[in-house]
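Student: This is the structure I want to talk about, given as structure tokens.
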Amino acid sequence: MSEHRIRVGPATDTQRYLATEHTVWFGEVPASSAEEQLLGLPTDQRFAADLDGSDPATYAGIYGVFPLTLSVPGPHGRPRQVPCAGLTWVGVHPDHRRQGVLTAMLRHHFEQVHEEADSHVSALHASEPAIYGRHGYGLASHELSVSLGRGSTLVAPHLEEAAGMLTTRLATVSDPDVPKRMREIHLGSAELGAVVGAEGYYDRVCQMLPEQLRDKEPWRVLFARRDGSDVGFAMFRRTHKWERARPSGELAVWALVGDPAARLALLRRLVDFDLIGTVKVNGVGAEDPLLLWVGGPRAASDVATYDSLWVRLVDLPAALQDRTWSAPCDVVVEVEDTSAPWNAGSWRIRADRTGAAVVEPTTAEADVRLPVAALGGAYLGGGNLVALQRAGLVAERRAGAVAELWHAMRSDVAPTAAVEF
1 MSEHRIRVGP ATDTQRYLAT EHTVWFGEVP ASSAEEQLLG LPTDQRFAAD LDGSDPATYA
61 GIYGVFPLTL SVPGPHGRPR QVPCAGLTWV GVHPDHRRQG VLTAMLRHHF EQVHEEADSH
121 VSALHASEPA IYGRHGYGLA SHELSVSLGR GSTLVAPHLE EAAGMLTTRL ATVSDPDVPK
181 RMREIHLGSA ELGAVVGAEG YYDRVCQMLP EQLRDKEPWR VLFARRDGSD VGFAMFRRTH
241 KWERARPSGE LAVWALVGDP AARLALLRRL VDFDLIGTVK VNGVGAEDPL LLWVGGPRAA
301 SDVATYDSLW VRLVDLPAAL QDRTWSAPCD VVVEVEDTSA PWNAGSWRIR ADRTGAAVVE
361 PTTAEADVRL PVAALGGAYL GGGNLVALQR AGLVAERRAG AVAELWHAMR SDVAPTAAVE
421 F
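Position one of the sequence shown corresponds to residue 1 (full-length UniProt numbering), numbered consecutively onward.
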């Protein structure tokens, strides 16, 4: 089926949109209202693909966009927050797979982002990673899931004074002020690679539908405070488990947010809850201090590594000029981009000692040839271009050019994991 027969635009039928989502993800259908199920996803950011003769009860495909900010490399080693289109709710109806629906929806998404000009990048968490690399998304950060035993010792001698000045207090996500407090903390302490949602996103995170509560504890939030102000939070829930009449429950942490001292104080509370045997902390960055505090990976009960944020440069020159560069460079790159053809071609990237860069089209001979996904993966300073060259995924035409570009893009510390959206 040719793509021109696929029409992509605003999803005007909420029930049809949800019916498609339920068909694609085949989970339990909530009894709650449509708007409750779609909480946090703006009405004007819900899109659908349609075909002549398709089932009128469902769309051929759907997607949504969460308005986010993304923390990219900034001046003096501090992150800078830029607008980012958070691609989510992506699904193709089983009857319309392999007919170009996803390609049409992603092209529509890139065109929307490019035309609106507020965001220059798109990002997502990939349910099936191989799919999105083909459409220009590069793996920009990794995340760890770290399991700790109850009572784990956390050693950080030079943070003791700062952590000792903090108090922690428990709240439930149903408390009316919790979403706003979480967002303000997240916004104020966002590390490189972090994404922060709009207010509605945190309302969604704190939402508790009946189906999500069945036989489960409500999500709780542990806040860290310094001098009467919120400086960190941990969102978690506990599950009862008993082995040979002994308590061995699991405490699962959805997010641990704040500066290192706040996270240390929060984590010490989390590993000291009664009736708990294992504390599983999700969304831990690849170079997060947590593993250093416990004494390394083998000191934890279990460590699993996953891909975290995939980044796509939609407006290549503007996106590259939005971030701060770590070293001077003058490199001509030939970019392959079939999904956003306005990015394809040769670009001269010149970064100076101040960290500013100018990115302009050029007819000069290219020093490096690479897919746009490679630049997306390196955008946050964590996707090693030299490693991609060694793997045969990036081509070098001038000796040393890939290393020159990578040294200018890399960050001192790897980008952290991004919360789910």
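Note that the Cβ used here is the ideal one computed from N, Cα and C, for glycine as well.
Where does the unbroken alpha helix (DSSP H) through V314 begin, and where does it stop?
Tutor: Locating residue 314 in the sequence shown gives position 314, counting from the first residue. Segment: none, V314 is in no alpha helix (DSSP H) and carries neither H nor E.
Student: Since I believe F421 is in contact with Y201 (beta carbons under 8 angstroms), could you give me their beta-carbon distance rounded to a whole number of angstroms?
Tutor: Working through the sequence shown from its first residue, we reach residue 201 at position 201. Working through the sequence shown from its first residue, we reach residue 421 at position 421. Contact flag correct, Cβ pair sits at about 7 angstroms.
Student: If you run the structure through DSSP and keep just helix, strand and coil, what is P30?
Tutor: Residue 30 sits at position 30 when you count from the first residue of the sequence shown. P30: coil per DSSP, three-state reduction.
Student: Whole angstroms is fine: what's the gap from residue 422's alpha carbon to S152's?
Tutor: This structure leaves residue 422 out entirely; the chain is present only between 1 and 421.
Student: Exposed or buried, what is Q212 when buried is set at 16 or more other beta-carbons lying within 10 Å of its beta-carbon?
Tutor: Within the sequence shown, the letter at position 212 stands for residue 212. So Q212 ends up on the exposed side.
Student: Give every residue of the same chain whose Cβ lies closer than 7 angstroms to the Cβ of P83, excluding the five residues on either side of it in the sequence, and list them in chain order.
Tutor: Position 83 of the sequence shown, counted from the first residue, corresponds to residue 83. So the list reads T69, D118 and S119, once near-sequence residues are dropped.
Student: Taking C-alpha atoms, which residue in M235, S54, T338 and E217 lies nearest to G133?
Tutor: The sequence position of residue 133 within the sequence shown is 133, counting from 1. The option with the nearest alpha carbon to G133 is T338.
Student: Write down every uninterrupted run of the alpha helix (DSSP H) in the region 187-215 whose length is 4 residues or greater and which is fully enclosed by it, in chain order.
Tutor: Listed in chain order, the complete alpha helix (DSSP H) runs (minimum 4 residues) inside the region 187-215 are 199-205 and 210-213.
Student: Counting along the chain, where does the alpha helix (DSSP H) carrying L388 start and finish?
Tutor: Locating residue 388 in the sequence shown gives position 388, counting from the first residue. Element bounds for L388: L385 to R390.
Student: Is F26 buried or exposed, if buried means 16 or more other CB atoms sit within 10 Å of its CB?
Tutor: Numbered from 1 along the sequence shown, position 26 holds the residue referred to as residue 26. It is exposed - the Cβ of F26 has fewer than 16 other Cβ atoms within 10 Å.
Student: Hey, is the region 86-100 in contact with the region 273-288, meaning 3+ C-beta pairs nearer than 8 angstroms?
Tutor: At 8 angstroms Cβ cutoff, the stretches do not touch.
Student: At the level of alpha carbons, what is the spacing between G53 and A340?
Tutor: By one-based count along the sequence shown, residue 53 stands at place 53. By one-based count along the sequence shown, residue 340 stands at place 340. Spanning the two alpha carbons is a distance of roughly 29 angstroms.
Student: For Q321, which residues from the same chain have a beta carbon less than 6 angstroms from its beta carbon, with the 5 sequence-adjacent residues on both sides left out?
Tutor: Working through the sequence shown from its first residue, we reach residue 321 at position 321. Hits under 6 angstroms: A357 and V359.
Student: List the DSSP bridge partners of Q81.
Tutor: In the sequence shown, residue 81 corresponds to position 81, counting from 1. S71.
Student: Which word fits H76, buried or exposed, when buried means at least 16 other C-beta atoms lie within 10 angstroms of its C-beta?
Tutor: Locating residue 76 in the sequence shown gives position 76, where the first residue counts as 1. Exposed, by the Cβ-count rule.
Student: With DSSP collapsed to three states, give me the class of A224.
Tutor: Along the sequence shown, read from residue 1 onward, the residue named residue 224 stands at position 224. Three-state result, A224: strand.
Student: Measuring alpha carbon to alpha carbon, tell me which of G74, W89, P10 and E191 ends up nearest T23.
Tutor: Numbered from its first residue, the sequence shown carries residue 23 at position 23. With distances taken between Cα atoms, T23 lies closest to W89.
Student: Counting C-beta neighbours from all protein chains within 10 Å, is the total for L292 16 or more, i.e. buried, or is it exposed?
Tutor: In the sequence shown, residue 292 corresponds to position 292, counting from 1. So L292 ends up on the exposed side.
Student: Can you tell me whether S71 is buried or exposed? The criterion is at least 16 other CB atoms within 10 Å of its CB, across all chains shown.
Tutor: On the sequence shown, position 71 is the one that residue 71 refers to. It counts as buried.
Student: Which whole-angstrom value is the C-beta distance of A279 and L256, which I expect to be below 8 angstroms?
Tutor: Taking the sequence shown and counting its residues from 1, one reaches residue 279 at position 279. Taking the sequence shown and counting its residues from 1, one reaches residue 256 at position 256. A quick correction: the sequence has Val, not Ala, at residue 279. About 11 angstroms; that fails the 8 angstroms criterion.
Student: Hey, how far is the Cα of L154 from the Cα of T168?
Tutor: Indexing the sequence shown from 1 puts residue 154 at position 154. Indexing the sequence shown from 1 puts residue 168 at position 168. Their backbone Cα atoms lie some 17 angstroms apart in a straight line.
Student: Could you tell me the alpha carbon to alpha carbon distance between H125 and H135, rounded to whole angstroms?
Tutor: Taking the sequence shown and counting its residues from 1, one reaches residue 125 at position 125. Taking the sequence shown and counting its residues from 1, one reaches residue 135 at position 135. Answer to the nearest angstrom: the Cα atoms are 14 angstroms apart.
Student: Threshold first: 4 residues or longer. Then list the alpha helix (DSSP H) segments lying entirely within the region 96-171, N to C.
Tutor: The region 96-171 contains these whole alpha helix (DSSP H) runs: 101-116, 129-133 and 160-164.
Student: With H, G and I counted as helix, E and B as strand and the rest as coil, what does DSSP make of Y17?
Tutor: Here the question's residue 17 lines up with position 17 in the sequence shown. If DSSP states are grouped into helix, strand and coil, Y17 belongs with the helices.
Student: Put K241 into one of helix, strand or coil per three-state DSSP.
Tutor: Locating residue 241 in the sequence shown gives position 241, counting from the first residue. Correct three-state label for K241: coil.
Student: DSSP state of G295, grouped into three classes?
Tutor: As a position in the sequence shown, residue 295 is number 295, starting the count at 1. Coil at G295, not helix or strand.
Student: Could you tell me whether the region 370-383 touches the region 304-313, where touching means 3 or more Cβ pairs closer than 8 angstroms?
Tutor: Taking 8 angstroms as the limit for Cβ pairs, the verdict is that the region 304-313 does touch the region 370-383.
Student: Let me know the secondary structure DSSP gives G86 once reduced to three states.
Tutor: Your numbering for residue 86 matches position 86 in the sequence shown. It is a strand residue.
Student: To which residues does DSSP link E336 through a beta bridge?
Tutor: Within the sequence shown, the letter at position 336 stands for residue 336. Its beta-bridge partners are P371.
Student: Per DSSP, what kind of secondary structure is R323 in: helix, strand or coil?
Tutor: By 1-based counting over the sequence shown, the position of residue 323 is 323. R323 falls in the coil class under three-state DSSP.
Student: To the nearest angstrom, how far is the alpha carbon of I185 from that of G258?
Tutor: Here residue 185 refers to the residue found at position 185 when the sequence shown is read from its first residue. Here residue 258 refers to the residue found at position 258 when the sequence shown is read from its first residue. Answer to the nearest angstrom: the Cα atoms are 7 angstroms apart.
Student: So, at 8 angstroms on beta carbons, what are the nonlocal neighbours of I131 in its own chain, with the 5 sequence-adjacent residues on each side left out?
Tutor: On the sequence shown, residue 131 is found 131 positions in, with the first residue counted as 1. Cβ within range, chain order: L102.
Student: Spell out a yes or no on whether the region 295-303 and the region 189-199 are touching, meaning 3 or more CB-CB pairs, one atom from each, closer than 8 angstroms.
Tutor: No contact exists between the region 295-303 and the region 189-199.
Student: Apart from the five residues on each side of it in sequence, which residues of its chain come closer than 7 angstroms, Cβ to Cβ, to L170?
Tutor: Indexing the sequence shown from 1 puts residue 170 at position 170. Closer than 7 angstroms at the Cβ level, and outside the excluded window around L170, lie R220 and L222.
Student: Sorted by chain position, which residues of the same chain lie with C-beta nearer than 7 angstroms to L106's C-beta, five sequence neighbours on each side aside?
Tutor: Position 106 of the sequence shown, counted from the first residue, corresponds to residue 106. Excluding positions up to five away in sequence, the list reads H135 and S339.
Student: Hey, out of R7, V113 and Q37, whose CA is closest to G61's CA?
Tutor: Within the sequence shown, numbered from 1, the residue matching residue 61 stands at position 61. Among R7, V113 and Q37, the Cα nearest to that of G61 is on R7.
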